[in-house]
Every structure is written in structure tokens, then in C-alpha cells.
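Numbering of the sequence shown is given in this note's numbering, commencing with residue 7 and proceeding in unit increments.
Note that CB positions come from ideal geometry on N, CA and C, so glycine has one too.
A quick write-up on the structure given underneath.
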Amino acid sequence: MEWNELAGRVLAGQDLTNDEAHAILDSPDAELLEVLQAAFQVRKRQAGMGVRVHVLQNAKSGACPEDCTFCTQSVQYQTDAAIYPRQSVDDLVEGARQAVKMGAVTYCMVTATRSPSSSDLETMCRAATAIKKNYNIKLCASLGLLNSREAQSLAQAGVDRYNHNLETSASHFPQVCSTHSFGDRVATVKAARGAGMEACCGGIMGMGESPKDRIDLAFTLRELDVESIPINFLDPRPGTPMASVERVSPRDALRTLALVRLANPKAIDIRLAGGREIVLGPLQPLALFAANSIFTNGYLTTSGQGPSADLSMIRAAGFEAEVLEN
Ligand code: SF4
């Protein structure tokens, strides 16, 4: 494969083909930097050398009734994840203040729920209104499955973006979860978009999926025209059914990020999410050549390397964290 020519075709507006997607995932180690360079050309046009830093707020942890087999927050598995009820409006606003202090451009409030209760929704809407009044920050919510009415309420309260990951391909999804379907997830993404919110929607790599599953996910995200794509790498957690799954290799993680970037050239954010430190190891800075966004300060139930190390990594690799005036 001529990687530079592939980048040129994508930059000219051609969709990545199935054969090209497979070639990326099958590329030899000796061509890894060329594959990343192809992804970087698209990343650079879309986001320059900027890195968008996002902060997650675990607004209700654990005791989720769903059975997602990778997740420590499912009530169905014995894990060491914290369990606590939904936080108050004041807690959520304080979380936003801290996120602003860390230099975040997006603050995402997350609850471990199948879908929001009416009181969850009311609290999130009140928090959103207060946060938007006080801070210049993009606001995201991730509350599980959503219908159109609930999506409208969040959008009207000031939530800019709704997160609901597809997690994996449609055909692999039943191996990952049985309590809701891939179609339920797609419907939620569409409800969020229909209400005027941006869609934040990605997945988790390393759950026993095939290369074809990764490609199907990347292409489904393209069909949905998703604005923001978080890519997690499974760090198998004790107590979950996926506890003994093998981690993705760092080089395959980089190939996967290049695939997602080249398949979704118009996405505003391709984000390095959970598992990036443990899976990418010393290759982590290279991932910024495909991705233009990171979560800092941890991933709901696991910690990361922290904002200070993240900012040092961004600068050392020649990138620049984007900032908002507050
Ligand atoms: S719905 Fe979310 S919080 Fe609940 S088990 Fe699945 S991934 Fe975990």
C-alpha cells in the first residue's frame, strides 16, 4: 500500500474502502510510522496540532442493572468499583469548576444507568444550566439509553453533546451485552442528534473482536456521522467476564487509531480514552499523531497518568493543549 497516496485520497474526499481498512490493520511493523503519517495528515487538516482535553465526572457509580461484560459497574459482577448514588447539582458544578482548572475544553457527566430516571434527568438539566451560566466549557452527558423527549430536555438545558458508545460492531455486540441491543444504542445516538446535540460515540478495542469487527465499528461511526469518537482499549478488570482477555498490543492500538481517523476524516475529535497508558505504554505519544483529544484525570473507575503528565506528554510530542477563556 502507498500510504501517502491513501492519505491523499481521503483528503480529497474519498471514503476509505474495506480493502484499505484491512490493509491498515494488517500493515507490517516496518510501515507503522507511514500508516500513522497518513492518519496524521488527516488529523492535521482537521485539528492542526491541537489536543482537546476532556474531563469525566463519575456522577453515579456502580450498581448498574445492565450486564456489559467489560464493565466493573454492572451489578451482576463482583468487582472493586465504587458504588455511590447520583451526585448533587452542587457536586456536578464543582466538578465542572475543577475541569476548567485542569484546562479541559469538555466536561462530561456520566451515570452508571440503563437510562436516566426522571430525577437523574432533572438534576443533570439543573446542573447543565448552572455550569453553562458560570463556565465557558463544552458540556457532555452520558446517562445511558435516551428517548427523544429526554434528549430534548438535555439539549434545552445546555448539554452540547451526548455520549453513548456503540462499543463494538453490530455482529460482536451480543458477545458483549445481553440486556440491551446494538440497535438500542444506535437509536440513542440518533435521538441525541435529533435533539440538536453532537454525538460522542466510540468503542472499546480488545474485547475478543476480529479485525473485521473493528472495521465495521469504524464504518458504522462514519455512517452515523459522529462528531466525537472516544477509543478505549480494554484493560481487563478482575471480577468481570472479560478479566482474562488479552490486551491489544501497542502497535495494533496505533493501527486501530489510524483506521478510525482515516475512516472518519470529518470527526471533530478522535479521543484516546480508557486503557491508553497501560496498552500503549511508551508508544503513547505516537497516538497523538492519529488522535487529537484525550481524557485526563482518569476514566470513571480507573485512574490515568494524571493531568500534569498528560500536558508534559502533549508538549514533548510537539502538540499543544487547546484552551478556553474563562
Ligand atoms: S450500561 Fe454502562 S455502566 Fe451499565 S454495565 Fe453497561 S457499560 Fe457499565
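Leaving aside the five residues that flank Ala-44 on each side, the residues in its chain whose CB is nearer than 6 Å to its CB run, in chain order, Trp-9, Leu-12 and Ala-13.
Around the Cβ of Lys-139, a 10 Å sphere holds fewer than 16 other Cβ atoms; the residue is exposed.
Taking a cut-off of 5 Å from the heavy atoms of the ligand SF4, the residues with a C-beta inside it are Cys-70, Glu-72, Cys-74, Cys-77, Gln-79, Ser-80 and Ala-118. With 16 or more neighbouring CB atoms inside 10 Å of its own CB, Tyr-168 falls in the buried class. Around the beta-carbon of Asn-298, 16 or more other beta-carbon atoms lie within 10 Å, marking it buried. Take the alpha-carbon of Cys-183 and the one of Leu-172: they are about 11 Å apart. Here the segment 150 to 161 makes contact with the segment 107 to 127; the two share three or more CB pairs at distances below 8 Å.
Around the beta carbon of Gly-310, 16 or more other beta carbons sit within 10 angstroms, so the residue counts as buried.
Your pair Cys-207 and His-170 checks out as a contact, with CB atoms roughly 6 Å apart and the cut at 8 Å. The beta-bridge partner set that DSSP reports for Arg-167 consists of Cys-146 and Glu-204. Here the segment 238 to 247 makes no contact with the segment 54 to 70; the two share fewer than three CB pairs at distances below 8 Å.
Contact between the segment 128 to 136 and the segment 85 to 99 is established, with three or more Cβ pairs separated by less than 8 Å. Rounded to the nearest angstrom, the Cβ distance from Ala-147 to Val-99 is 14 Å, too far for a contact under 8 Å. Contact annotation: the segment 76 to 87 does not touch the segment 318 to 328, with fewer than three C-beta pairs closer than 8 Å. Around Asn-270, the same chain offers Ala-224, Leu-227, Arg-228, Val-232, Ile-235 and Ile-276 as residues with beta carbons nearer than 8 Å, after the five sequence neighbours per side are excluded.
Straight through space, the alpha carbons of Ala-27 and Gly-164 are spaced by roughly 37 Å.
Residue pairing by DSSP places Ala-322 opposite no residue, since no beta bridge is assigned to it. For Asp-241, the secondary structure class from DSSP, reduced to helix, strand or coil, is coil. Secondary structure note for Ser-299: its beta strand (DSSP E) is the uninterrupted segment 299 to 302.
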